[in-house]
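Read the structure below first, then the notes.
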Amino acid sequence: FWIKAGPGVGKSAIAANLAHRFRDSVMASWFCEARSAELARTDQILKSISFQLALRLPDFRVQLLSQLGVTANTPDDLCEQACKELAGKSPADLFRTLLAAPFAGLIWREHKLVIVVDALDEATDEQGNNRITDFIASDLASERRMLLRLESVEDTSTAAKDGFSLFFSGAADTPVGHD
């Protein structure tokens, strides 16, 4: 869901509440912060979300470690080399390595796996560029195996009551495009 409202309305509070209340469905979360360059970097978002998913989903963890060529017995120097290789990847390549490829090998689940990303507008730099939304609009939109579901929710007072309860109960299963 895409919650769209002015500053101070409670969008971040709703996102944090969703991440906390629906822990069975929300597998990972990220909260962008305008005052922190680290919290507005696409690579940091992808790495953090992948790490959170690996902690919560054993089959995702197995797929991720396989993708990285790492096992429990991998020597430290080879683990460091894998980290260095990740550092040199573009956001699109990081997405494929850390999320798309591991997701492709997951076992089927009856319930939705939700990732909450909040305050994307706070990742906009002084020149008006937002690498995260650019990434979502271009690289992520071309990734056919991943479902991107964005719904504009103008009225945050009814969002939790109507939209979120439908989404988390499974009643809203039809993909929704974005513009």
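Those letters in the sequence shown? Residues 1397 to 1575, by the working numbering. Beta carbons: idealized from backbone N, C-alpha and C, even for Gly. These numbers were taken from a predicted model, which means no experiment stands behind them.
Where do the N-terminal and C-terminal ends of the beta strand (DSSP E) with residue i fall, by residue?
i, result
"Ser1425", "Val1422 to Phe1427"
Which partner residues does residue i have in the DSSP bridge list?
i, result
"Asp1576", "Here the chain has residues from 1397 to 1575 only, and residue 1576 is not among them."
Smallest Cα separation from residue i: which of the options?
i, options, result
"Gln1463", "Asp1472, Ile1532, Cys1479 and Pro1471", "Cys1479"
"Phe1491", "Cys1428, Ile1532 and Gln1523", "Ile1532"
"Glu1429", "Glu1522, Asp1517 and Asn1413", "Asp1517"
"Asn1413", "His1507, Ala1468, Val1512 and Glu1476", "Val1512"
"Asp1489", "Pro1471, Ser1534, Lys1407 and Lys1508", "Ser1534"
"Leu1509", "Asn1526, Gln1440, Ala1450 and Ser1408", "Ala1450"
"Glu1522", "Asp1473, Ala1436, Ala1468 and Ala1496", "Ala1436"
What residue range does the alpha helix (DSSP H) around residue i cover?
i, result
"Val1458", "Pro1454 to Leu1464"
"Glu1476", "Asp1472 to Ala1483"
"Thr1529", "Arg1527 to Phe1531"
"Ile1410", "Lys1407 to Arg1417"
"Ala1500", "Ala1497 to Ala1500"
"Leu1585", "With the chain covering only 1397 through 1575, there is no way to say anything about residue 1585."
"Asp1521", "Note, Asp1521: premise wrong, no alpha helix (DSSP H); not H, not E."
Is residue i buried or exposed, if buried means 16 or more other CB atoms sit within 10 Å of its CB?
i, result
"Ala1433", "exposed"
"Asp1551", "Its pLDDT being 45, under 50, Asp1551 is placed unreliably by the model, and the measurement read from it follows with that caveat. Burial call: exposed."
"Asp1514", "buried"
"Thr1438", "buried"
"Ala1519", "buried"
"Pro1498", "buried"
"Arg1431", "exposed"
"Met1542", "With a pLDDT of only 48 at Met1542, under the threshold of 50, the placement of this residue in the model should not be trusted, and no figure is reported."
"Ile1410", "buried"
"Ile1503", "exposed"
"Ser1548", "With a pLDDT of only 39 at Ser1548, under 50, the local geometry of the prediction cannot be trusted, and the value read off the model is given with reservation. Per the 10 Å Cβ criterion, exposed."
"Pro1403", "exposed"
"Leu1494", "buried"
"Leu1442", "buried"
Kindly indicate if chain C contains any beta-carbon less than 8 Å away from that of residue i.
i, result
"Ala1468", "The chain inventory of the structure shown lacks chain C, comprising one protein chain alone."
Could you check if residue i belongs to the surroundings of the ligand FMN, using beta carbon to heavy atom distance under 7 Å?
i, result
"Ile1410", "With respect to the ligand FMN, the structure shown offers nothing to examine, as it has no ligands at all."
**Item:** Inter-stretch contact (C-beta, 8 Å, three-pair minimum) for the region 1451-1459 and the region 1474-1487
**Value:** no
**Prompt:** Do three or more CB pairs link the region 1436-1449 to the region 1412-1421 at distances below 8 Å?
**Reply:** no
**Request:** Could you say if the region 1423-1431 and the region 1459-1477 meet the contact criterion of at least three C-beta pairs nearer than 8 Å?
**Result:** no
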